[in-house]
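So in the working numbering, spot 112 of the sequence shown is number 112, and the numbers just go up one at a time.
The beta carbon of each residue, even a glycine, is placed where N, CA and C say it ideally should be.
Here's the structure, in structure tokens; my notes come after.
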Amino acid sequence: MTGDKRSYVIGQTEIPARPLEPALYLVATPIGNLADITLRALETLAAADIVACEDTRVSRVLLDRYGIRRRTTAYHEHNAGEAGPKLIAALEAGQSVALISDAGTPLISDPGYRLVGEALDHGIRVVPIPGPSAALAALTASGLPSDAFLFAGFLPVKTGQRLTRLEALKAVPATLIFFESPRRLAETLAAMVGALGGARKAAIGRELTKTFEEMRTGTLQTLADHYAAADTPKGEIVICVGPAEAKADEPEDIDRLLLSLAAEMPASKAAAEAAKMTGGQKQALYRRLLELRDAGGGEGGD
1 MTGDKRSYVI
11 GQTEIPARPL
21 EPALYLVATP
31 IGNLADITLR
41 ALETLAAADI
51 VACEDTRVSR
61 VLLDRYGIRR
71 RTTAYHEHNA
81 GEAGPKLIAA
91 LEAGQSVALI
101 SDAGTPLISD
111 PGYRLVGEAL
121 DHGIRVVPIP
131 GPSAALAALT
141 ASGLPSDAFL
151 FAGFLPVKTG
161 QRLTRLEALK
171 AVPATLIFFE
181 SPRRLAETLA
191 AMVGALGGAR
201 KAAIGRELTK
211 TFEEMRTGTL
221 QTLADHYAAA
231 DTPKGEIVIC
241 VGPAEAKADE
251 PEDIDRLLLS
261 LAAEMPASKA
271 AAEAAKMTGG
281 QKQALYRRLL
291 ELRDAGGGEG
301 GD
């Protein structure tokens, strides 16, 4: 559909879209509930010369919902080599292009990063239009630490490659976020128990923002047991796995840390820094440092 009308509709009100500067706009779209679209995203989609979609049929549902009549073109994993240069040519000709995925934020588990890289290489401006993200929606509702997280996408399908990938992620000190197919969920959770340990806290987000939204939390083992016995779930799946429990520092490691710090600063300050780094008590660490110095014949000082 290639109408020239550049507007969007909210309720019964038609709102004209302001002109866009030539650029590549990365527009986040709802992951389920169409009401999650932002006003800025609607105006960008309504004003863009071209809307590049992962699947034009899926995107048309959203565009029709808000009365947006813009030219759409397909850009996905299988045609990126052909469609990408055409979009770059349009951008270089002074047109504006809005890139959207089937759901959520572009570039998250889709080939959009190639187009962004090509645009930047050609000196084309890239503008993010933020909004919904399944990974962040699941993380915030999981109850797991969110101060540090790693989005790991889809795990490999083959057993050996999947285990290798999980082993590589095992020591990452952050909450891990994965996408997974419903039919592979039970198998993946079993693999995670084997590679990461069943005691880790985890959460499964299913059909987020949709009618049958579900967040199930527990340990990896309890979740693996549940889905091994349950019927294959339906809908999009996000798996969040909490970081491994921090291991207590060995006394020898603490001793080395104290001596290393004391070589660069007074004993009381070294003890204070060690307390911050290890979670130990400053006074106990200070006494231990003095013991180490006495045993080693070193000169104290405060």
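message: Taking its Cβ as the centre, do 16 or more other Cβ atoms sit within 10 Å of residue 8, making it buried, or is it exposed?
response: Residue 8 is buried by the Cβ-count criterion.
- request: Would you check if there are 3 or more beta carbon pairs closer than 8 Å linking the region 73 to 89 to the region 155 to 167?
  value: Counting Cβ pairs under 8 Å, fewer than three are found: no touch.
query: Would you call residue 142 buried or exposed, if buried means 16 or more other Cβ atoms sit within 10 Å of its Cβ?
result: The residue is buried, with at least 16 neighbouring Cβ atoms inside 10 Å.
query: From 10, 225 and 274, pick the residue whose C-alpha is nearest to that of residue 42; which is it?
result: Of the listed residues, the one whose Cα sits closest to residue 42 is 10.
query: Does the distance from the CB of residue 202 to the CB of residue 242 come in under 8 Å?
result: Yes, they are a contact pair.
- request: Given a cut-off of 8 Å, decide if residue 132 and residue 35 are closer than it, judged by their beta-carbon atoms.
  value: When the beta-carbon positions are compared, residue 35 and residue 132 stay at least 8 Å from each other.
message: Quick check on DSSP: helix, strand or coil for residue 216?
response: Strand.
- prompt: Nearest to residue 228 by alpha carbon, out of 187, 168 and 38?
  reply: It is 187.
- prompt: Straight-line CA distance for residue 285 to residue 100?
  reply: Taking the straight line from one Cα to the other gives about 55 Å.
query: With burial defined as no fewer than 16 other Cβ atoms inside 10 Å of the residue's Cβ, what is the status of residue 84: buried or exposed?
result: Residue 84 comes out buried.
task: Assign residue 107 to one of three DSSP states: helix, strand, or coil.
output: In the three-state DSSP reduction, residue 107 falls in the coil class, being neither helix nor strand.
message: Among 289, 294 and 21, whose alpha-carbon lies nearest the alpha-carbon of residue 253?
response: Residue 289 is the option with its Cα nearest to residue 253.
query: Which two residues bound the contiguous alpha helix (DSSP H) that contains residue 162?
result: For residue 162, the enclosing alpha helix (DSSP H) begins and ends at 159 to 169.
task: Return the chain-ordered ranges of every beta strand (DSSP E) run that is complete within the region 112 to 136 and spans a minimum of 3 residues.
output: Counting whole runs of 3 or more residues, the region 112 to 136 contains the beta strand (DSSP E) stretches 126 to 129.
query: Assuming residue 103 and residue 97 make a contact with CB atoms under 8 Å, what is their CB distance in whole Å?
result: At roughly 19 Å, the Cβ-Cβ gap does not stay under 8 Å, so residue 103 and residue 97 are not in contact.
field: Length of the line joining the Cα atoms of residue 296 and residue 278
entry: Rounded to the nearest whole angstrom, the C-alpha separation of residue 296 and residue 278 is 23 Å.
query: If we ignore side chains and look at the alpha-carbon of each, how far apart do residue 2 and residue 233 end up?
result: Note on residue 2: pLDDT 47, under 50, position unreliable in the model; no value is reported.
- request: For residue 294, I'd like the list of residues in its chain whose CB is within less than 7 Å of its CB, leaving aside the five on either flank, ordered along the chain.
  value: If we look at residue 294 and ignore the five residues flanking it on each side, it has no Cβ neighbours.
- prompt: Do you know whose CA, among 268, 116, 261 and 135, lies nearest residue 238's CA?
  reply: Checked all of 268, 116, 261 and 135; the closest Cα to residue 238 is 135.
query: Which one of 68, 113, 171 and 22 has the shortest CA to CA distance from residue 245?
result: Taking each of 68, 113, 171 and 22 in turn and checking the Cα distance to residue 245, the smallest one comes out for 171.
task: Could you round the C-beta distance between residue 26 and residue 127 to whole angstroms and report it? I think they count as a contact, below 8 Å.
output: Between residue 127 and residue 26 the Cβ distance is about 7 Å, and since that is below 8 Å, they are a contact.
task: Could you tell me how far apart the beta carbons of residue 67 and residue 14 are, in whole angstroms, since I believe they sit closer than 8 Å?
output: Beta-carbon to beta-carbon, residue 67 and residue 14 are separated by about 7 Å, close enough to satisfy the 8 Å threshold.
field: Close beta carbons around residue 115, own chain, < 6 Å, minus the five adjacent residues each side
entry: Once the five neighbours on either side are set aside, the close Cβ partners of residue 115 are 84.
field: Neighbourhood of residue 281 by C-beta distance below 6 Å, restricted to the same chain and skipping five residues each side
entry: By the criterion of a C-beta distance shorter than 6 Å, residue 281 is surrounded by no residue of its chain, once the five residues flanking it on both sides are discounted.
- request: Check whether the Cβ atoms of residue 138 and residue 240 sit closer than 8 Å, and answer yes or no.
  value: In this structure, residue 240 lies closer than 8 Å to residue 138 by Cβ.
task: Leaving out five residues on either side along the sequence, give the residues of the same chain with a beta carbon under 8 Å from the beta carbon of residue 48.
output: Cβ neighbours of residue 48 beyond the five flanking positions: 20, 25, 70, 96, 97 and 98.
query: For the beta strand (DSSP E) that residue 244 lies in, which residues bound it at each end?
result: Per DSSP, residue 244 belongs to no beta strand (DSSP E) and is neither H nor E.
Per-residue burial, residue 299 [other beta carbons within 10 Å of its own, 16 or more giving buried]: At residue 299, the pLDDT of 46 sits below 50, so the modelled position is not reliable; the number obtained from the coordinates is stated separately. Looking at its Cβ environment, which holds fewer than 16 other Cβ atoms inside 10 Å, residue 299 is exposed.
field: For residue 31, three-class secondary structure by DSSP
entry: Here residue 31 sits in coil by DSSP.
query: In or out: residue 212 buried (at least 16 other Cβ within 10 Å) or exposed?
result: With fewer than 16 Cβ atoms within 10 Å of its Cβ, residue 212 is classed as exposed.
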